[in-house]
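Worksheet: one structure, shown below.
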Amino acid sequence: MTDPIRVVLALSGASGAAIGVRIGELLAEAGCETHLVVTPAAERTLAVEVGTDALARLEGLVHRRHGIEDVGAVIASGSFSTAGMIVAPCSMRVVGAIAATIASDLLVRAADVHLKERRPLILLPREAPLHLGHLRALTAATEYGAIVAPPVPAFYLKPTMVAEIVDEIARRALALLRLPGVATPTAWRGERI
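First residue of the sequence shown? That's 0 in numbering that gives the first Met the number 0, and the numbers climb one at a time after it.
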């Protein structure tokens, strides 16, 4: 019997909480062992953007939810092997903490562990416009090994509903982890005009 694929999913307080929920759904469909971290600001954003029951639904999809202050959780250690970590959505506060290696909570500590262990760390930053501090923090995170993947819609797919946009962004984020059996994004077919 093989061990399940472990993934850390973190949601921070930026807009776009539905993307994190959809990633959780896709990981559950694939049978992954998902470890969840949610900031207090993300709890509020989930309630406002997705619904007051969104966090409970997300918790029902994952293997375990870890408290944001639990810096002794298994995901805070490099000895706990994972296939990668996704922060979706990723606030600029979290980007800044990762870039400055300020592991003051479990989310940032787990991200730091992924960087030091050279495991994939996917950040979906949600802010616009970006000032120079944001750009420098994103650059630093990239230089440390993170993959910055802004949640930008693929308009060429001609989505007609927000759910289609959310689904495609979630699939693109998961594709960056290169996990077997996990949903893939829609491929461009090279349409001619």
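Cβ coordinates follow ideal geometry from the N, Cα and C atoms, glycine included.
TODO: State buried or exposed for Ile101, treating a residue as buried only when at least 16 other CB atoms are found within 10 Å of its CB.
DONE: exposed
Task: For Val6, the residue or residues it bridges with in DSSP - done: Thr33
Open item on the list: When you compare the CB positions of Val86 and Leu123, do they come within less than 8 Å of one another, or not?
Closed with: yes
TODO: Give me whichever residues DSSP pairs with Met84 in a beta bridge.
DONE: Val7 and Leu120
Task: Counted within 10 angstroms of its Cβ, other Cβ atoms place Lys167 as buried (16 or more) or exposed - done: Residue identity check: residue 167 is Glu in the sequence provided, not Lys. Buried, since its Cβ has 16 or more Cβ neighbours within 10 Å.
Open item on the list: Does the contact criterion of 3 or more C-beta pairs under 8 Å hold for the stretch 108 to 118 versus the stretch 148 to 156?
Closed with: no
Open item on the list: Spatial neighbours of Arg125 within its chain, please: C-beta separation below 6 Å, excluding the five flanking residues on both sides.
Closed with: Ala13, Ser14, Gly15 and Pro88
Task: Closest Cα partner of Ala248 within the set Gly83, Arg188 and Leu45 - done: Any question about residue 248 goes unanswered here, given that the chain covers just 0 to 192.
Open item on the list: Let me make sure I understand the geometry here. Which of Ala186, Val181 and Glu190 has the alpha-carbon closest to that of Ala29?
Closed with: Val181
Open item on the list: Taking DSSP's pairing of strands, which residues face Val147 in a bridge?
Closed with: Leu122
TODO: Let me know if Pro150 comes out buried or exposed under the rule of 16 or more other beta-carbons within 10 Å of its beta-carbon.
DONE: buried
TODO: Give the range of the alpha helix (DSSP H) segment to which Gly113 is assigned.
DONE: In the sequence under discussion, the amino acid at residue 113 is His, which differs from the Gly named in the question. From DSSP, the alpha helix (DSSP H) with His113 extends over Leu105 to Lys115.
Open item on the list: At the level of alpha carbons, what is the spacing between Leu131 and Gly95?
Closed with: 12 Å
Open item on the list: Tell me the DSSP secondary structure of Arg171 in three-state form.
Closed with: helix
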